[in-house]
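Okay, so here's the structure we're looking at.
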Amino acid sequence: MPRALITGITGQDGLYLAEYLIDKGYEVYGLVRGQSNPRREILHRMIPEVKILTGDLTDISSLIRVLSIAEPDEVYNLGAISFVGYSWENASLTSDVTAFGVLNMLEATRLYAGRDIEKVRFYQASSSEMFGKAQEVPQTERTLLWPRSPYGVAKVYGHYMTITYRESYGMHASSGILFNHESPRRGPEFVTRKVTRAVARISLGLQQELALGNLDARRDWGFAGDFVEAMWLMLQQPTPDDYVIATGRDHSIRDLLDVAFSTVGINDWSEYVTRDPAYLRLADVESLVGDSSKARSVLGWEPKMDFPSLISMMVNHDLAEQKVLVR
Ligand code: G4F
């Protein structure tokens, strides 16, 4: 039975990846942070097969301990402070977790593997936010990185550190440059879920308006459930490498509003949507769209769910959830 260790297992991607690996027959260990973390109980209820271990990406001794218990064949480093907006307010903490946490995980894995460096395969969750002020369209593995937030800068550090461990120690370490990926498990602070949840509540008469920031931003949004498959595929390759994972199609926040509101039969959303400067970023990433040709040809990966289906699925999930909450 292959064994996997996932950091960030209580997040959207961690949950989908854990389910995916368990379906494949893996024994899955998950790193959960902190004392009395309420997410531990939620994870246990959702996926009882996961073996939960306590540790913190900022504490390398805890990572060494966790690795020696889990004895993984594959490590998926998904743990991060992942909300871009928050990263300006907590730049130092974001760097400790999202940047230096990667170094800690790489170093702990290297120490755990010892002389047999190839016995563990490592996946790093890199991000399209590293492209920031995008220098070409669409973005590929070769596009110059130009991050625009403390989060983006931290991800660049983790990305290059992963490449450095691969090139210095011969570690099987791969980096997935994932463009935005969403699902009903997305946190409500991210724009897709914020919109789908608000649309559900507006249609049920539970909310009157939805306040947003930059409506012109464009993103390449895919389904998180499709994207975790690419993570696994990367670690099954004979040689480690970096891959862009994206749908190749971008949409604006206005497009998102069109699809979400039309799912509940509202064609003109202008009377419900207001603008609030509190949601504007100090430096926003205006537009991102990825070219995943390499992943398609080498990994045989492709996204299955398109943007309208994804957003409608999220709205319908939120409608059902909100109905239960008000019952
Ligand atoms: O949904 P977002 O907060 O996602 P963002 O910043 O693109 O980052 C997400 O995707 C990255 C790539 O995979 C990840 F690395 C990262 O961890 C995260 O998962 O914002 C998307 C866009 C931005 O341009 C933002 O300015 O939506 C715009 N926006 C407009 N109004 C808003 C809002 N974003 C949020 N969160 N809330 C708003 O009210």
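With the sequence shown counted from 1, adding 1183 to any position gets you the numbering used here.
Just so it is clear, CB atoms sit at the ideal spot from N, CA and C, and this is done for glycine as well.
Span of the beta strand (DSSP E) around residue i
| i | result |
| --- | --- |
| Asp1256 | It is not in any beta strand (DSSP E) - Asp1256 carries neither H nor E in the DSSP assignment. |
| Arg1458 | 1456-1458 |
| Lys1234 | 1234-1237 |
| Val1427 | 1425-1428 |
| Gln1307 | 1304-1310 |
| Thr1190 | 1186-1190 |
| Ala1443 | Per DSSP, Ala1443 belongs to no beta strand (DSSP E); it is in the alpha helix (DSSP H), 1436-1446. |
Check whether residue i and residue j have beta carbons under 9 angstroms apart
| i | j | result |
| --- | --- | --- |
| Leu1226 | Gly1284 | no |
| His1364 | Ala1407 | yes |
| Gly1473 | Ile1360 | yes |
| Ala1356 | Tyr1348 | yes |
| Ala1253 | Arg1331 | no |
| Ala1308 | Leu1261 | yes |
| Pro1321 | Gly1238 | no |
| Val1215 | Arg1223 | yes |
| Ser1265 | Gly1194 | yes |
| Arg1368 | Leu1502 | no |
Unbroken alpha helix (DSSP H) run spanning residue i, endpoints
| i | result |
| --- | --- |
| Glu1210 | Run containing Glu1210: none in the alpha helix (DSSP H); it sits in the beta strand (DSSP E), 1210-1215. |
| Gln1195 | 1195-1206 |
| Arg1380 | 1374-1386 |
| Ile1494 | 1490-1509 |
| Ser1270 | 1267-1272 |
8 angstroms contact criterion, which residue i and residue j should meet: CB distance rounded
| i | j | result |
| --- | --- | --- |
| Val1303 | Asp1256 | 7 angstroms |
| Ala1413 | Leu1482 | 6 angstroms |
| Pro1371 | Arg1380 | 6 angstroms |
| Glu1312 | Val1258 | Their Cβ separation, rounded to whole angstroms, is 22 angstroms, which puts Glu1312 and Val1258 out of contact at 8 angstroms. |
| Val1382 | Val1280 | At roughly 32 angstroms, the Cβ-Cβ gap does not stay under 8 angstroms, so Val1382 and Val1280 are not in contact. |
>> Taking contact to mean 3 or more Cβ pairs, one atom from each stretch, closer than 8 angstroms, check whether the segment 1414-1429 and the segment 1473-1489 are in contact.
In response: With the rule of 3 Cβ pairs closer than 8 angstroms, the segment 1414-1429 counts as touching the segment 1473-1489.
> Between the segment 1271-1290 and the segment 1194-1204, are three or more C-beta pairs nearer than 8 angstroms?
Replying inline: Cβ pair count under 8 angstroms is below three, so no.
> Are there three or more Cβ pairs, one per stretch, closer than 8 angstroms when the segment 1388-1398 is compared with the segment 1455-1469?
Replying inline: yes
> Touch check for the segment 1398-1405 and the segment 1488-1501: three-plus C-beta pairs under 8 angstroms?
Replying inline: The answer is yes - the segment 1488-1501 touches the segment 1398-1405, with three or more Cβ pairs under 8 angstroms.
> Taking one C-beta from the segment 1262-1273 and one from the segment 1322-1342 each time, how about it: are there three or more such pairs within less than 8 angstroms?
Replying inline: yes
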